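Here the structure is laid out as structure tokens; the discussion comes afterwards.
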Amino acid sequence: MPCSKIIEYTQSGKLPITVEFYYKGDFLADPKTFFSSNLSVFENEFPKSDEIIAQIAAHQTYKNTHKLIISEYGFFRIQI
């Protein structure tokens with residue numbers, strides 16, 4: 001799945017869990033644009049698409065209390 005589809009999926013109304021993307025410690029306010037301009041960053045440094053989808057599905061039970069952070073270092077669940 002291309003990174004743009006992953007980002008659309010994670011930011012759609014279909015997924016109530018909040019997903020945020022960070023790169024080098026900086027919050028990506030517009031990850032779709034960032035990854036479109038830096039495609040190799042997503043492909044080479046971030047977890048694979050299927051791993052991202054699996055993490056989102058696994059964290060649905062925390063949708064009201066946590067957000068899922070995705071960065072080049074992996075996944076983090078943060079209480080909100």
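Residue numbers are given in the UniProt record's numbering: position 61 of the sequence shown equals residue 61, and the series is strictly consecutive. Idealized CB from N, CA, C, for every residue including glycine. All figures in this text were calculated on a predicted structure; none of them were measured in a lab.
For K67, which three-state DSSP category applies?
strand
With 16 other CB atoms within 10 Å as the buried threshold, where does S40 fall?
exposed
Any idea if residue 84 is buried or exposed, counting beta-carbon neighbours within 10 angstroms, 16 or more meaning buried?
Because the chain in this structure spans residues 1 to 80, residue 84 falls outside the shown range and cannot be described.
Opening and closing residue of the beta strand (DSSP E) in which Y22 lies
18–23
Could you please give me the residues that DSSP links to I78 through a beta bridge?
K67
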